[in-house]
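In order, the protein sequence lines correspond to chains A and B. Residues 0 to 346 in numbering that gives the first Met the number 0 are what the first sequence lists, from first letter to last. Residues 0 to 522 in numbering that gives the first Met the number 0 are what the second sequence lists, from first letter to last. Here a beta-carbon is modelled for each residue, glycine too, at the ideal position from N, C-alpha and C. Just below is one structure, and these are the notes that go with it.
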Amino acid sequence: MIKKQSVLSCKNLSKSFNSTLAVNDVSLDLFEGETLGVLGSSGCGKTTLLRLIAGLETPDQGEIKISNSIVQNPQTNIPTHKRNLGMVFQDYALFPHMTVKQNILFGHQSSNQTTTLKHLLELTRLNGLSERFPNELSGGQQQRVALARTLASTPDLILMDEPLSNLDASLRKNVRNEINEILVSSKTACIFVTHDKEEAFTISDRVAVMDEGKIDQLDPPDKIYFWPETKNVAILGGTCEFIPGIISNKIVSTVLGDLPLRKSGEFTNGTKVSVATRPTDFEITVSPTGMCMVVDKKFTGDENIFSIQLPTNEILQCKHKIHTSLFAGLKVNLTANTHTKFNTFLP
Amino acid sequence: MKNNTPYWVLIPSIILTIVIIAPLVYLIFKSVNADSNIWDWIFRWQTLLIVIRTLTLVATVSIISLIIALPLSILTTKTDLPFKFFFTILHALPLVIPSYVGAYLFMTAFSPKGLFYKLISNYFEINSIPNLYGFWGAVIVLSLLNFPYLFLTLRASLIRIDPEIEESAKLLGFNDFEIIYKIIIPQLKPAIFSGILLISLYTLSDFGAVSLLRFKTFTWAIFLEYETGGSHSAAILSVGLFIIAMKLIIFESLVNRNFRYHNIKSVGQKTPLILKLKKFKLLGLLLCLIVFSFSLLVPISVLSFWLIRGIYHGEIVSVDYLPIFNSVYISILTTVTVILFAIPLSFLAIRHKSILSKSLERLSFIGFALPTISVSLGLVYIGARIGSPIYQSTFMLITGCLILCLPVALGPIKSRLLQINPNLEDAGKTLGYSNLMSTFRITIPILRPGLIMSSSLVFFVTMKELPAVLFLSPLNFPTLSTRIWSYTSEAFFAKAAVPSLILIFCSSIIFAIFLYKSKLDFS
Chain A
0 MIKKQSVLSC KNLSKSFNST LAVNDVSLDL FEGETLGVLG SSGCGKTTLL RLIAGLETPD
60 QGEIKISNSI VQNPQTNIPT HKRNLGMVFQ DYALFPHMTV KQNILFGHQS SNQTTTLKHL
120 LELTRLNGLS ERFPNELSGG QQQRVALART LASTPDLILM DEPLSNLDAS LRKNVRNEIN
180 EILVSSKTAC IFVTHDKEEA FTISDRVAVM DEGKIDQLDP PDKIYFWPET KNVAILGGTC
240 EFIPGIISNK IVSTVLGDLP LRKSGEFTNG TKVSVATRPT DFEITVSPTG MCMVVDKKFT
300 GDENIFSIQL PTNEILQCKH KIHTSLFAGL KVNLTANTHT KFNTFLP
Chain B
0 MKNNTPYWVL IPSIILTIVI IAPLVYLIFK SVNADSNIWD WIFRWQTLLI VIRTLTLVAT
60 VSIISLIIAL PLSILTTKTD LPFKFFFTIL HALPLVIPSY VGAYLFMTAF SPKGLFYKLI
120 SNYFEINSIP NLYGFWGAVI VLSLLNFPYL FLTLRASLIR IDPEIEESAK LLGFNDFEII
180 YKIIIPQLKP AIFSGILLIS LYTLSDFGAV SLLRFKTFTW AIFLEYETGG SHSAAILSVG
240 LFIIAMKLII FESLVNRNFR YHNIKSVGQK TPLILKLKKF KLLGLLLCLI VFSFSLLVPI
300 SVLSFWLIRG IYHGEIVSVD YLPIFNSVYI SILTTVTVIL FAIPLSFLAI RHKSILSKSL
360 ERLSFIGFAL PTISVSLGLV YIGARIGSPI YQSTFMLITG CLILCLPVAL GPIKSRLLQI
420 NPNLEDAGKT LGYSNLMSTF RITIPILRPG LIMSSSLVFF VTMKELPAVL FLSPLNFPTL
480 STRIWSYTSE AFFAKAAVPS LILIFCSSII FAIFLYKSKL DFS
């Protein structure tokens, strides 16, 4: 395997605002053509991290390298406009007094403007809109103009700050796929900040899960989902509920029986742990002698989710087939699906 | 944020703050160093009388303006009064008449043997009509010319009242008049207080009307002291005037602090509730017409009379172009200077908030409370101290106008800047433009409507400015305002007509641009 060129390297970045630590000792690397999703709830410091990389904020400590040259350390602070990176803002930040064309070409300094414009309009499917003003465009179109404007300056790295959060749900999926295609075809490295796990998972090659200014885990999406290193990563990676259990060898004993462990040997036998469960982990079978009870049913169209009360009174969310006669009050049993393995954490 | 404030923002702001504070500091310095016999002279009945006169004038003008403006603003926004748009413009228009022009026109119309007397003495047996010089003359002129400030403030607030509140009151069984009393007027309280503050400050610092109508308030007393060489006593009186102005501002902010957050909700496309006037429609129309007659029709008729008479009797032979040129010259210079300083100051206040910027803003706020006459006097003394080339130079006059126009200019620029997303400049930076270039290529062009509005306001205020020009202008530098004032004080009434007409005409054009621009605002 050829070793890929590093586009961005952050070491031990920290930044605080009035004694609150927004970014706390963050280190990460990004390689060419790679898309890194930064996933975290609001206020976890992900936007600040982007602004530090962009040079819009100055870190209290740490080092940033872009394309292997230092742009930020205690001695150097290369200003934003010399870092050769692009940023797509949450509110797009299109210049209201310029047309689509003027917006797109604003940061494009070379002579072949017409070719670039034509190429970008095609890439972002904005043909025929180049003379419009931003307020004459739909949300999705504005979003694509912002992206085209960023691509026009041929940055080494694109930073995206929740670029989909201002779009309505029906549009979000389409735009997400478009962004994905555009990024793949332009081969530009990208950091994509979001609070939506689905967005992070579908768009990113790797995902960094952030909480309280720290990166908890940085791994490919499936690893984040199946191998969460902390309770918080498990929660941010998907719907997750916890039941108590006790470790014994390669299994954990719970009220739902003995469940296989994902990582054996992590805890000594007899350790009391929290077992993370996902809605897809269990099979529901109706039984008059069942220990559990259906308490609620949520039909969302694509799926049926049942709330099941365990003998210990905890309630788990479980997915079940669409055509079902289950109803609230019914006694059932929960059995772990074959192949499913469980992650455990200290309670 | 730790962001460094750029030098183009910081340096002009610091210079400006020094310029604003300097006259006051100098006046205080001069007052403190005054001889004890001057202080004895200050502590006597006459001074107390000046204070009482000034405060009575301010209070009376405020109350009368409120009595005029409150019903008119409600009538033109919340009722089915005919010609609402038309009356709105008519009631805003008295603003284009400077107070000394108003005083000139009223005193020639309503003096004991004036035009009005001549008009009615043909039909009635009377010797003279009551004297309108002094207190009541000043009250009438200042109320009729200043009420539009309150009218416009109230209107702006009335338009923003959420119609749903009125509709719920209606559903709760209130009738239209109860809605006005119990729902609309209570919501207007903050606007009433800030409008009255505006009028009080204008009345307090008015020089033109009180000097022509011979009512000795602070401003005229200061002028007289200055004319007769009492520089220390003039300084002390100026500081006194400043303290009163400051107290008014503090009082307003204390009263309005409790309300300020109520009217934040903006109303989009909702249709406002229209109250049916029914049988009171005629009364409403009559009220509008009376106010229009006295605030506009009478002044304009009297002006036309003097103009025609002047031409007829050969008193007006030709138009003197020098004062026109001087007024326009000063106004253009002031406008450019004010805008060049107002942009950095607005950026400091909105984009670069820090302890430094806050304290600079506070300090310059003190400067805004300074009445024109105090500013001018402070500058004159500083100028005299430095001597040539500063003393009695255009530079000095522009500095004076800068201090007095800055608050006017800051409003539209600041509110426009607040609407501009700071991310736009960050986007410019990520697209390869330096901080300064991003500001000039992105923010400044979007700021343009605010800049146009500020410029027209500054031009308008400078054109009609009187005391600053009297104190600070170079020797033999007649402007339209000083010409009108000196002709009127020397009773050359016909001669004052032409410059007055030109001034009102110029102001009207600027005013029209202002009205037009404030509606067509791209966002």
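Bridge-paired residues (DSSP) for leucine 7(A): Here leucine 7(A) is bridged, per DSSP, to Leu29(A) and Ile65(A).
Pairwise C-alpha distance: threonine 87(B) and proline 81(B): One alpha carbon belongs to proline 81(B), the other to threonine 87(B), and they sit about 11 Å apart.
CA nearest to the CA of phenylalanine 85(B), picked from Met462(B), Asn325(B) and Leu288(B): Per the Cα distances, Leu288(B).
Inter-residue Cα distance where the pair is serine 522(B) and leucine 182(A): With a pLDDT of 28 at serine 522(B), under the threshold of 50, the modelled position of that residue is not reliable, and the figure given next carries that caveat. The straight-line gap separating the alpha-carbon atoms of serine 522(B) and leucine 182(A) is approximately 32 Å.
Beta-carbon separation (whole angstroms), leucine 306(B) vs alanine 496(B), contact threshold 8 Å: Confirmed, about 4 Å.
Near-chain A residues of the stretch 423-436 of chain B (beta-carbon distance less than 9 Å), N- to C-terminal order: Taking 9 Å as the cut-off between beta carbons, the residues of the stretch 423-436 of chain B near chain A are Leu423, Glu424, Asp425, Ala426, Gly427, Lys428, Thr429, Leu430, Gly431, Tyr432, Ser433, Asn434 and Met436, in sequence order.
Three-way DSSP call (helix, strand, coil) for cysteine 400(B) in this model: Three-state DSSP puts cysteine 400(B) in a helix.
Partners in chain B for glycine 237(A), counting only beta-carbon separations shorter than 7 Å: Scanning chain B for C-beta atoms nearer than 7 Å to the C-beta of glycine 237(A) yields nothing, as the closest lies near 31 Å away.
Complete runs of the alpha helix (DSSP H) confined to the stretch 44-127 of chain B [at least 4 residues]: List check, alpha helix (DSSP H) in window: 44-77, 83-91, 98-109 and 114-120.
Buried/exposed call for serine 286(A), threshold 16 Cβ in 10 Å: By the neighbour-count definition (other C-beta atoms within 10 Å, threshold 16), serine 286(A) is an exposed residue.
Where alanine 335(A) falls: helix, strand or coil (DSSP): In this structure, alanine 335(A) counts as strand in the three-state DSSP scheme.
Residues that proline 444(B) contacts on chain A, provided the C-beta gap is smaller than 8 Å: In chain order: His96.
Any chain A beta carbon closer than 8 Å to isoleucine 372(B): For isoleucine 372(B), the answer is no, since every Cβ of chain A falls outside 8 Å of its Cβ.
Spatial distance of leucine 125(A) from glycine 39(A) (CA atoms): Those two C-alpha atoms are separated by around 32 Å.
Cβ-based contacts, 7 Å cut-off: residues of the stretch 103-134 of chain A near chain B: Taking 7 Å as the Cβ-Cβ cut-off against chain B, the residues of the stretch 103-134 of chain A that qualify are Phe105, Gly106 and Gln108.
Valine 337(B), buried or exposed, once every other Cβ within 10 Å from all chains shown has been counted against 16: Its Cβ being crowded by 16 or more others within 10 Å, valine 337(B) is buried.
Candidates Gln391(B), Ser437(B) and Leu456(B), of which the one nearest valine 407(B) by Cα: Of Gln391(B), Ser437(B) and Leu456(B), the residue nearest in Cα terms is Leu456(B).
Phenylalanine 217(B) - DSSP class collapsed to helix/strand/coil: Phenylalanine 217(B): helix per DSSP, three-state reduction.
Which listed residue (His351(B), Pro444(B) and Val138(B)) has its alpha carbon closest to that of tryptophan 7(B): Of His351(B), Pro444(B) and Val138(B), the residue nearest in Cα terms is His351(B).
8 Å Cβ shell around aspartate 34(B) - same chain, five flanking residues per side excluded: For aspartate 34(B), where only same-chain residues beyond five positions count, the Cβ hits under 8 Å are His231.
Within-8 Å CB hit, proline 78(A) to chain B: Yes, proline 78(A) counts as interfacial toward chain B.
Contacts around leucine 197(B), its chain only, beta-carbon distance under 6 Å, and the 5 residues preceding and following it disregarded: Result list for leucine 197(B): Tyr148, in chain order.
From Leu369(B), Thr429(B) and Ser437(B), residue whose alpha carbon lies closest to that of lysine 246(B): Taking lysine 246(B) as reference, the option from Leu369(B), Thr429(B) and Ser437(B) with the minimal CA-CA separation is Leu369(B).
Helix, strand or coil at histidine 194(A) according to DSSP, with G and I counted as helix: Look at histidine 194(A) here: in three-state DSSP terms it is coil, with no helix or strand label.
Chain-ordered neighbours of methionine 86(A) on chain B, where CB pairs are closer than 8 Å: Contacts between methionine 86(A) and chain B, judged by CB atoms closer than 8 Å, involve Asp425, Ala426 and Thr429 in chain order.
Cβ pair valine 331(A), threonine 284(A) closer than 8 Å: Yes, the Cβ-Cβ distance between valine 331(A) and threonine 284(A) is below 8 Å.
Buried or exposed by the 16-neighbour rule on C-beta atoms within 10 Å, applied to histidine 312(B): Exposed is the call here.
Rounded distance between the beta-carbons of aspartate 155(A) and leucine 84(A), thought under 8 Å: Rounded, the Cβ-Cβ distance is 6 Å, consistent with contact.
Test: isoleucine 441(B) CB closer than 8 Å to a CB of chain A: Closer than 8 Å: yes.
For leucine 302(B), three-class secondary structure by DSSP: Residue state for leucine 302(B) is assigned as helix, using DSSP reduced to three classes.
8 Å Cβ cut-off: residues of chain A touching asparagine 420(B): Ordered by position in chain A, the residues that pass the 8 Å Cβ test against asparagine 420(B) are Asp90 and Ala92.
Aspartate 425(B) to glycine 127(A) span [Cα, whole Å]: Their backbone Cα atoms lie some 28 Å apart in a straight line.
Distance CB(proline 346(A))-CB(valine 272(A)) smaller than 8 Å: Closer than 8 Å, so yes.
Contact with chain B by alanine 53(A), beta-carbon distance below 8 Å: Answer yes: the Cβ-Cβ gap between alanine 53(A) and chain B drops below 8 Å somewhere.
Proximal residues to asparagine 145(B) (C-beta, below 7 Å), its chain only, five neighbours per side dropped: Setting aside the 5 residues that flank it on each side, asparagine 145(B) is surrounded in the same chain by Val60, Ser64, Ile198, Tyr201 and Thr202, each with a C-beta closer than 7 Å to its C-beta; the list follows chain order.
Interface flag, serine 152(A) vs chain B, CB-CB below 8 Å: Interface flag for serine 152(A) against chain B is set, since a Cβ pair is found closer than 8 Å.
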